[in-house]
Amino acid sequence: MREGHIAVVGTGYVGLTTGAALASLGHRVVCADADPHKVARLRRAEVDILEPGLPGLVREGLDSGLLEFGQDTPAAVTGAGVVFLCLPTPMGAGGAADLAAVEAVAAEIRAVLPAGCAVVNKSTVPVGTSERVAALIGRPDVHVVSNPEFLREGHAVHDFLHPDRVVVGAADREAGRRVAELYAPLGAPLVLTDPASAELTKYAANFFLAMKLSFANNLAAVCERFGADIGDVTTGLGHDPRVGAAFLQPGPGWGGSCLPKDTHALLSICEQAGVEFPLLRATIETNVEHQRQLVDRVAAGCAGPDGTLRGVRLALLGLAFKAGTSDLRDSPALAIARALRARGAELYAYDPALCETRPDLSDLLTLTDDPAEAVTGAAACLVLTEWPEFRELDWTRLAGLLDGRLVHDFRNILDPARLEAAGLSWQGIGRTAALTT
Ligand code: UDX
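Note that our numbering has the sequence shown beginning at 144, numbered continuously upward.
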């Protein structure tokens, strides 16, 4: 096996988790990031993303001397045995993944990569990218390997150290095995394959999850129509191991930094290749339509005499795309907020994860520091992120501040009996209050 440290290029939640976790497994790791402020903060173990366990792991790595941070990417990869590329691949024109960052780094490091080194694509990239990166590097003595990440935000450290599976795709089997070896102490099933299969596995995984969610949200609408309870239906369904219980919780649509970007990217590569995948398009369209229906539902409950929401004040509880993160990227809550704003609503929002970060959302809504402020004078209240603390709010007090009575619980997390005792009217997704008691 070739000696040398591990270099990680990019310190987003994937890169930083990869670097810190590999250091915790005893590897010497150098992480590079182009942002000098971020590097300076990371050298002090200051982590600016909400990721449980990550600051501690970074601190441990720094203290042990196994983890280093630098701004100079070529310097970080010099002498490395394995180089992980953990770079952003945002949604570009027409839904395709934008590979500019991956390509720029490949060009930047090609001349300094040591002979025999493995360059590992961890970013989610279209099928064929390993070949493209190999061509850009243009070094027969350097091997490009695909090793997609399956890390959930908010659980990234746990998911890295307890993977369901490790997928490694390499044209050169020895290089593939060398990368797989890094994960050997974690004892996860290994899928050692070719690069195209590894790249496609990642897209297939995120598409499948999105499909389950679109299915659950549609099923919730069917439940409402027939007086059935979505929780009971999905529990009954989920006990079948062929279906599985996870990812069947209806909500305000699926979002986040991965599912929307990856489903659109898969659709884009299928279209380019002339491959029909109607289910993929339907999965994406169902999400858009589901959100439109939720917005209609809110409007039906509190539109003014002119049929619009002009001047109607609404309270939004939760803006992050899911609980446990402050990430607003492709958040369903923001998609719903934008649609309500377009109909004229005045929005007041509270999210516990945003009290410190305070992103500038002033063109869309007023961000408040506490739920009471958000609900005061509102015609209705919408729960958009499943923060557990929303269930424990003093709903009797909030009822006194709210103007209207309706609480749209788009995460089905509140206790309808408590809300009703407070004189409020609870409306969930795919269930009625009577069925939850
Ligand atoms: C996802 C994948 O889970 C992870 O494996 C991948 O590598 C990165 O993308 P993440 O973006 O962190 O992870 O979010 P995830 O926890 O998967 O949730 C995605 C969206 O689905 C969120 O909007 C969430 O609220 C929604 N969701 C999830 C539901 O509406 N119901 C559910 O039952 C589960």
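All C-beta atoms, glycine included, are put in the ideal place defined by N, C-alpha and C.
Please find out if some non-hydrogen atom of the ligand UDX comes closer than 6 angstroms to the beta-carbon of residue i.
i           : result
residue 296 : yes
residue 397 : yes
residue 265 : no
residue 366 : no
residue 229 : no
residue 401 : yes
residue 465 : yes
residue 471 : no
residue 193 : no
residue 197 : no
residue 570 : no
residue 356 : yes
residue 392 : yes
residue 533 : no
residue 293 : yes
Within the same chain, show all residues whose beta-carbon is closer than 7 angstroms to that of residue i, passing over the 5 residues directly before and after it, in chain order.
i           : result
residue 192 : 156
residue 355 : 390 and 391
residue 331 : 306, 307, 308 and 309
residue 257 : 147, 222 and 223
Determine the DSSP secondary structure at residue i, reduced to helix, strand or coil.
i           : result
residue 149 : strand
residue 493 : strand
residue 538 : helix
residue 270 : coil
residue 335 : strand
residue 583 : Since the displayed the chain opens at 144 and closes at 580, residue 583 lies outside it and no answer follows.
residue 350 : helix
residue 380 : helix
residue 155 : coil
residue 560 : helix
residue 566 : coil
residue 512 : coil
residue 400 : coil
residue 389 : coil
residue 237 : helix
residue 286 : strand
residue 444 : helix
residue 507 : coil
residue 499 : helix
residue 260 : coil
residue 456 : strand
residue 521 : coil
residue 552 : strand
residue 227 : strand
residue 243 : helix
residue 212 : strand
residue 371 : coil
residue 311 : strand
Smallest Cα separation from residue i: which of the options?
i           : options               : result
residue 406 : 329, 264 and 269      : 269
residue 177 : 245, 147, 533 and 237 : 245
residue 200 : 454, 255 and 300      : 300
residue 342 : 525, 409 and 222      : 409
residue 485 : 417, 439 and 500      : 439
residue 428 : 154, 397, 528 and 532 : 397
residue 217 : 382, 154 and 249      : 249
residue 381 : 535, 317, 449 and 359 : 359
residue 117 : 286, 489 and 478      : This structure does not reach residue 117, given that the chain is present from 144 up to 580, and the question cannot be answered.
residue 433 : 400, 393 and 422      : 393
residue 335 : 347, 318 and 329      : 318
Leaving aside the five residues before and after residue i along the sequence, list all residues of the same chain whose C-beta is less than 8 angstroms from its C-beta, in chain order.
i           : result
residue 481 : 507
residue 404 : 232, 233, 234, 240, 267 and 473
residue 265 : 157, 158, 161, 227, 228, 229, 290, 291 and 292
residue 540 : 515
residue 297 : 193, 194, 195, 465, 466, 467 and 468
residue 426 : 350, 353, 354, 357 and 406
residue 531 : 466 and 556
Only counting the same chain, and skipping five residues up and downstream in sequence, which positions put a Cβ closer than 6 angstroms to that of residue i?
i           : result
residue 219 : 150, 173, 175 and 213
residue 145 : Bear in mind that a pLDDT of 46 at residue 145, under 50, signals an unreliable position, so the number given afterwards is only what the model happens to contain. If we look at residue 145 and ignore the five residues flanking it on each side, its Cβ neighbours are 224 and 259.
residue 549 : 444, 523 and 568
residue 202 : 188
residue 386 : 380
Spell out a yes or no on whether the segment 166-179 and the segment 208-215 are touching, meaning 3 or more CB-CB pairs, one atom from each, closer than 8 angstroms. Yes, the segment 166-179 touches the segment 208-215.
The segment 504-524 contacting the segment 538-558, beta-carbon criterion three pairs below 8 angstroms: yes
Between the segment 150-167 and the segment 303-313, can you find at least three pairs of beta-carbon atoms closer than 8 angstroms? yes
So, does the segment 282-296 touch the segment 307-317, judging by three or more C-beta pairs under 8 angstroms? Result yes; three or more Cβ-Cβ pairs closer than 8 angstroms.
Touch check for the segment 485-500 and the segment 462-477: three-plus C-beta pairs under 8 angstroms? yes
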